[in-house]
Structure formats: structure tokens, C-alpha cells
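K.L.:
Questions regarding the structure given below will be posed in turn.
Dropping the structure here:
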């Protein structure tokens, strides 16, 4: 908060650098929102799923039983959900893909900017 107040004060008192201050503020808030998005998704693969940039089969994987496994007395393994199920549940349906285009562009710009920094 103190940093934002300082920038706001500079913005009001130093009109010659307002464009530079605008860029700093924009970058600061973009980085903040991108960080929140990344923290909420947890992994880059999950980000890609939410942004519809990663193709995943949205089906549970079931173990197939051959003749030998039918004869064994061990109980069959239950179905196992793929590790990306949480992200797949939150991913947009095809009819809503146009709604996430601005988010995709924002995250792409943020990723590019972060790659240049690191």
C-alpha cells in the first residue's frame, strides 16, 4: 500500500514522468494478477488446460483385466482419475472459449515478460 501511495504521489506531482509511472503501475498490477492466477492453478499444465492450450482426454483411465487377472483372488483396482482432473473440471466448455481469449493473451504476455526477467 505504501508503494502504491508513493507512486500515486509521484503521478500527481511529476507530470513529466506520468507515462513512465503508468507503465510501472500496469506492470506491477499485471504481475500481481498473473501471480494470483498461477498460485490458484498450481502448475503450468493446469494453466494450459484452463486456457485451452493443452489437449487432455477427459476420461478416467480404467485398468483392463486379462484372463490371468480374472482368475486371481485379488480385488480389482478401482478406477483412477488422471492427475489433471481438477483443472479439466474448471476448464471452459467449447462454446465459452471466446470468453477466455483476453485471459489467454494476458497470461501469454505475462509468461513472455517473466521469461525475459529470469
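In this note's numbering, the protein residues as written are 10 to 127. In this text, a Cβ means the ideal position worked out from N, Cα and C, and glycines have one as well.
#1: For residue 122, report the span of its alpha helix (DSSP H) as first-last.
#2: Check residue 89 in the structure and name its three-state DSSP category.
#3: Taking only the alpha-carbon atoms, compute the straight-line gap between residue 19 and residue 100 and give it to the nearest angstrom.
#4: Should residue 59 go down as buried or exposed, given a rule of 16 or more other Cβ atoms within 10 Å for buried?
#5: State the DSSP-derived secondary structure class of residue 28, mapped to helix, strand or coil.
#6: Return the residue from the list 40, 31, 92, 106 that minimises the CA-CA distance to residue 116.
#7: Going straight from the alpha carbon of residue 16 to that of residue 42, what length do you get?
#8: Using DSSP with H/G/I as helix, E/B as strand and the rest coil, what is residue 12?
#9: Helix, strand or coil for residue 101 per DSSP?
#10: Pair every Cβ in the stretch 43-57 with every Cβ in the stretch 85-100, then say whether three or more of these pairs are closer than 8 Å.
#11: Sort 50, 110, 33, 111 by Cα distance to residue 12 and report the nearest one.
P.N.:
Concretely, from the data shown:
#1: Indexing the chain shown from 1 puts residue 122 at position 113. Residue range 110-126 is occupied by the alpha helix (DSSP H) that includes residue 122.
#2: Taking the first residue of the chain shown as 1, we reach residue 89 at position 80. Strand at residue 89.
#3: The residue you call residue 19 lines up with position 10 of the chain shown. The residue you call residue 100 lines up with position 91 of the chain shown. Each residue's alpha carbon lies about 41 Å from the other.
#4: As a working mapping, residue 59 is identified with position 50 in the chain shown. It is buried - the Cβ of residue 59 has at least 16 other Cβ atoms within 10 Å.
#5: Along the chain shown, one-based indexing puts residue 28 at 19. The three-state secondary structure of residue 28, taken from DSSP, is helix.
#6: Your numbering for residue 116 matches position 107 in the chain shown. Comparing Cα-Cα distances from residue 116 to each of 40, 31, 92, 106, the minimum goes to 40.
#7: Taking the chain shown and counting its residues from 1, one reaches residue 16 at position 7. Taking the chain shown and counting its residues from 1, one reaches residue 42 at position 33. Residue 16 and residue 42: Cα-Cα distance of roughly 19 Å.
#8: Locating residue 12 in the chain shown gives position 3, where the first residue counts as 1. In this structure, residue 12 counts as helix in the three-state DSSP scheme.
#9: For the purposes of this step, residue 101 is taken as residue 92 along the chain shown, with counting starting at 1. Three-state result, residue 101: coil.
#10: Yes, they touch.
#11: For the purposes of this step, residue 12 is identified with residue 3 of the chain shown, where counting begins at 1. Answer by Cα proximity: 33.
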